[in-house]
Amino acid sequence: MVKANPKEWPDYETQELYVIPADQMLVPRDLLERVTKDYSGKPNWDALEPDRLAAVEELKAWLKPS
Numbered sequence: 001m002v003k004a005n006p007k008e009w010p011d012y013e014t015q016e017l018y019v020i021p022a023d024q025m026l027v028p029r030d031l032l033e034r035v036t037k038d039y040s041g042k043p044n045w046d047a048l049e050p051d052r053l054a055a056v057e058e059l060k061a062w063l064k065p066s
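Under the working numbering, the first residue of the sequence shown carries the number 1, and numbering increases by one thereafter.
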């Protein structure tokens, strides 16, 4: 990721602007945390598993080609 200069984008209000290579994307951190969270050692982990599965489906939607 390359940090871009906001002064080069005069018609945009930016606090931070990054240029992202075409073969990469930004995914919300909380989504990745939900996908990778290990519920197996927790009480009622099977009740929490649907949240992880929903996060996996959400990530799949992000990765689907547009």
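Where is the CB? At the ideal position from N, CA and C, for every residue including glycine. It should be emphasised that the depicted structure is a prediction, and the values quoted were computed from it without experimental measurement.
Between residue i and residue j, is the Cβ-Cβ spacing less than 7 Å?
i	j	result
A102	V35	Residue coverage of the chain in this structure runs from 1 to 66, which leaves residue 102 outside it and unanswerable.
Kindly indicate which three-state DSSP category residue i falls into: helix, strand or coil?
i	result
P28	coil
P50	helix
K7	helix
K60	helix
Quick check: the Cα distance between residue i and residue j, rounded to an integer number of angstroms?
i	j	result
R52	R29	14 Å
E49	L26	24 Å
D23	K64	13 Å
D11	V19	17 Å
N5	P21	16 Å
G41	E58	24 Å
K37	N44	14 Å
Please indicate yes or no: does the CB of residue i lie closer than 6 Å to some heavy atom of the ligand NAD?
i	result
N44	This structure lacks the ligand NAD, and indeed carries no ligand of any kind.
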